[in-house]
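Q: I'd like to ask some things about the structure below.
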Amino acid sequence: MTLFLTIAVIVLAAAVAFLFLMNLALAREIGRVQVRLGPLGARMMDNGPKVEEVGPSFRGLSDHLGRATSVGGHREKPQLLMFTGPKCSTCKSLLPGIKALAKAERKHLDVVMISDGTPEEHAAFLAGAGIGDEFAYVDARDVGIAYQVGTTPYGVILDEHGKIRGKGLCNQMAHVESLLNALETGTPSLQHLHEQAKARTAHDHEHDHAHAHGHELVTR
């Protein structure tokens, strides 16, 4: 009996060690894939105004400090619209990063956090958020409807003329920063890069096929 238990313990220990090594190998491969892919940008949804279109504009809004706030339209600086909800836990986790971003880019970017909820929900959110004058927090359901935002947190970047340069889900600050990259580079998202790459590949194949066909006709 003792021998049987000893053998069983050894087999179990070997199995656990094997599983541990397999998990390490899997984690390493996942890390390699992430390095090859690079940081993923905000994932764009198909709803609402399209990239390169002028987004809906709004005037006469009031933020959490009572300041007059506007969305879209012609302005001195680009504008980052962050659509959130007072009960959105992911939105709350982004707050420190959004604050830091708004402070660092104050001279070059206007940040507006657009929310939808009851007065009580907004009051509870603001009580724990510690938002100062870094950016404007507005209760503006109509803005979310106009941009057809169906889930939060969602970001839209507008240039000085109110044109949409990028948009997408923003579950982490890397996604938010990808919208700023979209503004600077003119590439709205990784999805657009993939689509452009596919289009170029398809065009190259068509060109090669046409060239080969033309060469065949000449030979004949």
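Read in order, the letters of the sequence shown are residues 685 to 904 in the working numbering.
In this text, a Cβ means the ideal position worked out from N, Cα and C, and glycines have one as well.
It should be emphasised that the depicted structure is a prediction, and the values quoted were computed from it without experimental measurement.
Under the three-state reduction of DSSP, which class applies to Ile815: helix, strand or coil?
A: Counting from one through the sequence shown, the residue named residue 815 turns up at place 131. Residue state, collapsed to three classes: coil.
Q: Does the distance from the CB of Tyr838 to the CB of Pro740 come in under 8 Å?
A: In the sequence shown, residue 838 corresponds to position 154, counting from 1. In the sequence shown, residue 740 corresponds to position 56, counting from 1. Not a contact, by the Cβ cut-off of 8 Å.
Q: For Thr768, count the other beta carbons within 10 Å of its own beta carbon; 16 or more makes it buried, fewer makes it exposed. Which is it?
A: For this step, residue 768 is matched to residue 84 along the sequence shown. Classification of Thr768: buried, given that the 10 Å Cβ count is 16 or more.
Q: Using a Cβ-Cβ cutoff of less than 8 Å, which residues in the same chain neighbour His845 once the five nearest sequence positions on both sides are dropped?
A: Residue 845 sits at position 161 when you count from the first residue of the sequence shown. Result list for His845: Val738 and His758, in chain order.
Q: How about Val735 and Ile829: do their beta carbons lie closer than 8 Å?
A: Sequence index remark: in the sequence shown, residue 735 carries index 51 (1-based). Sequence index remark: in the sequence shown, residue 829 carries index 145 (1-based). Going by C-beta atoms, Val735 is not nearer than 8 Å to Ile829.
Q: Going by other Cβ atoms of all chains shown within 10 Å of its Cβ, with 16 needed for buried, is Pro780 buried or exposed?
A: Locating residue 780 in the sequence shown gives position 96, where the first residue counts as 1. Pro780 should be labelled exposed.
Q: Answer yes if the stretch 744 to 751 comes into contact with the stretch 814 to 822, meaning at least three C-beta pairs across the two stretches below 8 Å, and no otherwise.
A: With a cut-off of 8 Å, the stretch 744 to 751 and the stretch 814 to 822 count as touching, because enough Cβ pairs lie within range.
Q: Can you have a look at Ala752 and say buried or exposed, based on whether 16 or more other CB atoms are within 10 angstroms of its CB?
A: Stepping through the sequence shown from its first residue, residue 752 is reached at position 68. Result: exposed.
Q: When you compare the CB of Ser741 with every CB in chain B, is at least one pair closer than 8 Å?
A: Annotation note: the requested chain B is absent from the structure, which comprises a single protein chain.
Q: Hey, how far is the Cα of Arg763 from the Cα of Met797?
A: Counting from 1 along the sequence shown, the entry for residue 763 is found at position 79. Counting from 1 along the sequence shown, the entry for residue 797 is found at position 113. Contrary to the premise, residue 763 reads as Gln rather than Arg in this sequence. Using only the alpha carbons, I get a separation of about 11 Å.
Q: Once the 5 residues before and after Val833 are set aside, which same chain residues still bring their CB inside 6 Å of it?
A: As a working mapping, residue 833 is identified with position 149 in the sequence shown. Around Val833: Phe767.
Q: Three-state secondary structure (DSSP) at Thr686?
A: The residue you call residue 686 lines up with position 2 of the sequence shown. In the structure shown, Thr686 sits in a helix (DSSP, three-state: H, G or I).
Q: What's the gap between the Cα of Ile694 and the Cα of Lys787?
A: Locating residue 694 in the sequence shown gives position 10, where the first residue counts as 1. Locating residue 787 in the sequence shown gives position 103, where the first residue counts as 1. Cα to Cα, the separation comes out at about 59 Å.
Q: Fully enclosed by the stretch 758 to 827, which beta strand (DSSP E) runs are 3 residues long or longer?
A: Complete beta strand (DSSP E) runs here, min 3: 763 to 767, 794 to 799 and 820 to 823.
Q: Only counting the same chain, and skipping five residues up and downstream in sequence, which positions put a Cβ closer than 7 Å to that of Ile870?
A: Numbered from its first residue, the sequence shown carries residue 870 at position 186. In the sequence as presented, Ile is not what sits at residue 870; that position holds Gly. Hits under 7 Å: none found.
Q: Which whole-angstrom value describes the C-beta separation of Pro770 and Ala808, a residue pair presumed to lie in contact below a C-beta threshold of 8 Å?
A: For this step, residue 770 is matched to residue 86 along the sequence shown. For this step, residue 808 is matched to residue 124 along the sequence shown. With 8 Å as the limit, Pro770 and Ala808 qualify as a contact, their Cβ atoms being about 7 Å apart.
Q: Please report the residue range of the beta strand (DSSP E) in which Leu745 lies.
A: To locate residue 745, count along the sequence shown from 1; it is residue 61. Start and end: Phe742 to Ser746.
Q: Using alpha carbons as the reference points, say which of Glu804, Gln856 and Thr686 lies closest to Leu785.
A: Counting from 1 along the sequence shown, the entry for residue 785 is found at position 101. Of Glu804, Gln856 and Thr686, the residue nearest in Cα terms is Gln856.
Q: Output the distance between the C-alpha atoms of His859 and Pro733, rounded to the nearest integer angstrom.
A: Numbered from its first residue, the sequence shown carries residue 859 at position 175. Numbered from its first residue, the sequence shown carries residue 733 at position 49. C-alpha separation (whole angstroms): 19 Å.
Q: To which residues of the same chain is Val840 closer than 7 Å at the C-beta, ignoring the five residues directly before and after it?
A: Residue mapping note: residue 840 aligns to position 156 of the sequence shown, counting from 1. For Val840, where only same-chain residues beyond five positions count, the Cβ hits under 7 Å are Gly739, Leu765, Tyr831, Ile848 and Lys851.
Q: I need the straight-line Cα distance from Leu793 to Ala698, nearest angstrom please.
A: Your numbering for residue 793 matches position 109 in the sequence shown. Your numbering for residue 698 matches position 14 in the sequence shown. Near 58 Å, if we compare the C-alpha coordinates of Ala698 and Leu793.
Q: Once DSSP output is grouped into helix, strand and coil, what is the label at Val860?
A: Translated into the one-based positions of the sequence shown, residue 860 becomes position 176. DSSP places Val860 in helix when its eight states are reduced to three.
Q: From Phe742 to Asp826, what does the alpha carbon distance come to, in whole angstroms?
A: If you number the sequence shown from 1, residue 742 lands on position 58. If you number the sequence shown from 1, residue 826 lands on position 142. Phe742 and Asp826: Cα-Cα distance of roughly 9 Å.
Q: So if DSSP puts Leu842 in a beta bridge, which residue, or which two residues, is it bridged to?
A: Here residue 842 refers to the residue found at position 158 of the sequence shown. Bridge partners of Leu842: Gln763 and Ile848.
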